[in-house]
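A.B. asks:
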Amino acid sequence: METDGATTEGQTVAMDTATATTASTTPSPFSTPEKVPIFVEVCLKPTSTASLDEVKRAVERMLNKRSLSYVDGPIPYTPGEDPFIDAHVQSISICDTDRRGDDQRVLLFWQVALQIHVYQLSEDGPAEELEGDEDIATFHEWQLPARDFHGLWESLIFDTGVKQRLLRYAASALLFSDRGVDPQLVSWNRVVLLHGPPGTGKTSLCKGLAQKLSIRFRDRYPQAQLVEVNAHSLFSKWFSESGKLVTKLFQKIQELVEEEGSLVFVLIDEVESLTAARQAALSGSEPSDSIRVVNALLTQIDALKTRPNVVILTTSNITAAIDVAFVDRADIKAYIGLPSLQARYEILRSAVYELARAKIIALPEGKAEAPWGPFHGGARSQRSAARNVTGLRGPQRAGPAKAPLPGARGARRRGALHVSELHKRPAHGHKQRAGGPRGDGRADTGHVTLLVRSGRQPPF
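Using UniProt numbering, you'd call the opening residue of the sequence shown number 1 and step up by one each time.
The following block contains the structure:
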């Protein structure tokens, strides 16, 4: 009897434990599970005069009514769903979710922590600052977020996760400055150095990062500027004049930084022009005036270190020529290499989709149109939009299987371009992520199977 009682009690405890485990894993609006942060960017129309808080509340109400598979890309929206959004909002996009694989599940509104960022693009182009008798612009200035850089960040793809790394670094650096962290104990120079071969998207990554941060920190810094320094204009034919030009340029940057509500990004492309190794000047291979340029630049960077609202972005193609003192001042030194085979394929894929979206090439009859709604983000966001639509419509039935095409070593159709040959062709910059090449010469993009042929209509 005691044994039976113990067994019954053990079974009861086991059942209670199993029930508790099942209840804990079932999502409920009354439980408090760890919420998934979702970044939502809302672009206003140029004619909109609505306040940012009103737009944020309207978008949050709309999203709380939906259950979406939250992946990067535009959110499907039907005109007439909300008159306020129709009048003021140009696009709504989910950005930088970094959720892949099995984690791309449908989330309910109580499972996500929405972080909505509302912004309005500046239509003004770059402003120039002329210097000297030759009227050479020493720098170009953009008001951020700028129309010129819209969508630039989303069009870049890097296999090393450098985009997320830069976002986390910049957010931490600005947060430390905003919270008054002692720079003597925790040193942050807020200097980023991107280096690698030319044509890999280093400058575009810097501009896209500045655009992205101006949107993310708009509540803290209502204004943002990007100052692109023309390094070649800071050298003078007069002895010791170059160092003075560098000092004068950074004095103007100091004036911009003095505004506490303004976030300033300083972009120095090909920084090796200003930070040439001083050891080369001592050996006689470089003019002695270059020492004054390096000293002036390092001094000005140290002066900007005390300012909490400035970030210095630099790029270089020849890292061996940079002075060691400048390299030591960089908080992040990231190598940007050549794009992988997957990224090169995506350059071709995104170009074909963009031509299809612009109606330059026609889709074959019987093929479904790509889900570009009124809030489309161009070809770079087409695949993400399809994923979000799938989250609303439920699982889709797979189409009929196609016969495999010959591989890289087998016979190919006349005029066909195999994906394995893309590495032989030049590619500049990285583009949106693709589904990845497959062994049969095609690439699975999630919703289409694409084989590009020269002189023929793309079969997608």
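Ideal Cβ placement from N, Cα and C applies to all residues, glycine included. Bear in mind the structure is a predicted one, so any value in this text is a computation, not a measurement.
#1: Residue ranges of each beta strand (DSSP E) run of no fewer than 3 residues wholly in the stretch 289–332, ordered along the chain?
#2: Mapping the DSSP letters down to three states, classify I336 as helix, strand or coil.
#3: Where does S273 sit, in a helix, a strand or coil, going by DSSP?
#4: Is W142 helix, strand or coil when you go by DSSP?
#5: Can you list, in chain order, the residues of its chain with a C-beta nearer than 6 Å to that of C43? Leave out the 5 residues immediately preceding and following it.
#6: From residue 472 to V264, what does the alpha carbon distance come to, in whole angstroms?
#7: Pair every Cβ in the stretch 163–171 with every Cβ in the stretch 329–346, then say whether three or more of these pairs are closer than 8 Å.
#8: Reducing DSSP to helix, strand and coil, say where V162 ends up.
#9: Would the stretch 200–216 count as touching the stretch 260–276 if we require 3 or more Cβ pairs under 8 Å?
#10: With distances taken between CB atoms, is the gap from A146 to L313 smaller than 8 Å?
#11: Going by other Cβ atoms of all chains shown within 10 Å of its Cβ, with 16 needed for buried, is residue 481 buried or exposed?
#12: Can you look up A224 in the DSSP assignment and give me helix, strand or coil?
#13: In the structure shown, what three-state DSSP assignment does P37 receive?
#14: Quick check on DSSP: helix, strand or coil for G455?
#15: Here's the rule: buried if 16 or more other CB atoms are within 10 angstroms of the residue's CB, otherwise exposed. What is K248?
#16: Name the two residues that bound the continuous beta strand (DSSP E) containing I157.
#17: Mind checking T445: buried by the 16 CB within 10 Å criterion, or exposed?
#18: Within the same chain, show all residues whose beta-carbon is closer than 6 Å to that of I38, passing over the 5 residues directly before and after it, in chain order.
#19: How many whole angstroms separate the CB atoms of L245 and L274, which I take to be in contact at a CB cut-off of 8 Å?
#20: With burial defined as no fewer than 16 other Cβ atoms inside 10 Å of the residue's Cβ, what is the status of F375: buried or exposed?
#21: Quick check on this structure: which residue in P308, A358 and I347 has the alpha carbon closest to the alpha carbon of A171?
#22: When you compare only the Cα positions, how much space is there between S262 and Q223?
#23: Counting along the chain, where does the beta strand (DSSP E) carrying I92 start and finish?
#24: Below 6 Å CB to CB, which residues in the same chain sit around S122 once its five sequence neighbours on both sides are set aside?
#25: Let me confirm a value: Q184 is counted as buried when at least 16 other C-beta atoms fall within 10 Å, else exposed. Which label applies?
#26: Going by C-alpha to C-alpha distance, which of S340, V310, K65 and A325 sits closest to N295?
#27: Under DSSP, the alpha helix (DSSP H) around L234 begins and ends at which residues?
#28: Compare the C-alpha of D159 against each of T47, L338, Y119 and K207 and name the closest.
#29: Closest to G293 by CA distance: which of P198, I361 and D323 is it?
#30: Taking C-beta to C-beta, are E141 and Q254 nearer than 8 Å?
#31: So what does L114 bridge to, in DSSP terms?
#32: Closest to residue 532 by C-alpha separation, out of I85, E259, G199 and F250, would be which residue?
#33: Which partner residues does S350 have in the DSSP bridge list?
#34: Where D302 and L213 are concerned, what is the direct C-alpha to C-alpha distance, given to the nearest angstrom?
#35: First and last residue of the alpha helix (DSSP H) that includes L213?
#36: Helix, strand or coil for F460, going by three-state DSSP, please let me know.
C.D. replies: The short version:
#1: 310–316
#2: Taking the sequence shown and counting its residues from 1, one reaches residue 336 at position 336. Three-state result, I336: coil.
#3: The residue labelled residue 273 in the question sits at position 273 within the sequence shown. Helix.
#4: The residue given as residue 142 occupies position 142 in the sequence shown. Residue state, collapsed to three classes: strand.
#5: Translated into positions along the sequence shown, residue 43 becomes position 43. Closer than 6 Å at Cβ, skipping near neighbours: Q90 and S91.
#6: Since the displayed the chain opens at 1 and closes at 460, residue 472 lies outside it and no answer follows.
#7: yes
#8: Taking the first residue of the sequence shown as position 1, residue 162 is located at position 162. Of the three classes helix, strand and coil, the one that applies to V162 here is helix, per DSSP.
#9: yes
#10: Residue mapping note: residue 146 aligns to position 146 of the sequence shown, counting from 1. Residue mapping note: residue 313 aligns to position 313 of the sequence shown, counting from 1. The answer is no: Cβ separation not under 8 Å.
#11: Residue numbering for the chain in the displayed model covers 1 to 460; residue 481 lies beyond these limits and cannot be assessed.
#12: As a working note, residue 224 is residue 224 in the sequence shown. Three-state DSSP puts A224 in a strand.
#13: Along the sequence shown, read from residue 1 onward, the residue named residue 37 stands at position 37. Looking at P37 - three-state DSSP - the assignment turns out to be strand.
#14: The residue you call residue 455 lines up with position 455 of the sequence shown. Low confidence applies here, because G455 scores a pLDDT of 41, under 50, leaving its location unreliable; read the following figure in that light. It is coil, neither helix nor strand.
#15: As a position in the sequence shown, residue 248 is number 248, starting the count at 1. Result: exposed.
#16: The count along the sequence shown starts at 1 and reaches residue 157 at position 157. Segment: none, I157 is in no beta strand (DSSP E) and carries neither H nor E.
#17: To locate residue 445, count along the sequence shown from 1; it is residue 445. Here the model assigns T445 a pLDDT of 38, short of 50, so the residue's position is not dependable, and the following value carries that caveat. When all chains shown are included, T445 counts as buried.
#18: Here the question's residue 38 lines up with position 38 in the sequence shown. For I38, where only same-chain residues beyond five positions count, the Cβ hits under 6 Å are Y70, V112 and L114.
#19: Residue mapping note: residue 245 aligns to position 245 of the sequence shown, counting from 1. Residue mapping note: residue 274 aligns to position 274 of the sequence shown, counting from 1. Contact doesn't hold; Cβ gap of about 10 Å is too wide.
#20: For the purposes of this step, residue 375 is taken as residue 375 along the sequence shown, with counting starting at 1. A caution first: F375 carries a pLDDT of 38, below 50, which makes its placement in the model too unreliable to give a value.
#21: On the sequence shown, residue 171 is found 171 positions in, with the first residue counted as 1. Of the listed residues, the one whose Cα sits closest to A171 is P308.
#22: Residue mapping note: residue 262 aligns to position 262 of the sequence shown, counting from 1. Residue mapping note: residue 223 aligns to position 223 of the sequence shown, counting from 1. Near 5 Å, if we compare the C-alpha coordinates of Q223 and S262.
#23: The residue labelled residue 92 in the question sits at position 92 within the sequence shown. That run of the beta strand (DSSP E) goes V89 to C95.
#24: Start at 1 with the first residue of the sequence shown, and residue 122 comes out as number 122. The answer, listed in chain order, is Q143 and A146.
#25: For this step, residue 184 is matched to residue 184 along the sequence shown. It is exposed - the Cβ of Q184 has fewer than 16 other Cβ atoms within 10 Å.
#26: Translated into positions along the sequence shown, residue 295 becomes position 295. Answer by Cα proximity: A325.
#27: Reading the sequence shown from its first residue, position 234 is the one you call residue 234. Careful: L234 lies outside any alpha helix (DSSP H) and carries neither H nor E.
#28: The residue labelled residue 159 in the question sits at position 159 within the sequence shown. Nearest option by C-alpha distance: L338.
#29: As a working note, residue 293 is residue 293 in the sequence shown. For the sequence presented, residue 293 should be read as Val rather than Gly. Nearest option by C-alpha distance: D323.
#30: Start at 1 with the first residue of the sequence shown, and residue 141 comes out as number 141. Start at 1 with the first residue of the sequence shown, and residue 254 comes out as number 254. No. Outside cutoff.
#31: Residue 114 sits at position 114 when you count from the first residue of the sequence shown. The partner list for L114 (beta bridge, DSSP) reads I38.
#32: The displayed coordinates of the chain run from 1 to 460. Any statement about residue 532 would go beyond what the structure contains.
#33: Sequence index remark: in the sequence shown, residue 350 carries index 350 (1-based). Its beta-bridge partners do not exist; DSSP assigns none.
#34: For the purposes of this step, residue 302 is taken as the residue at position 302 of the sequence shown. For the purposes of this step, residue 213 is taken as the residue at position 213 of the sequence shown. D302 and L213: Cα-Cα distance of roughly 22 Å.
#35: The residue you call residue 213 lines up with position 213 of the sequence shown. Segment K202 to R216, the alpha helix (DSSP H) holding L213.
#36: By one-based count along the sequence shown, residue 460 stands at place 460. A caution first: F460 carries a pLDDT of 37, below 50, which makes its placement in the model unreliable, though a value can still be read off. Coil.
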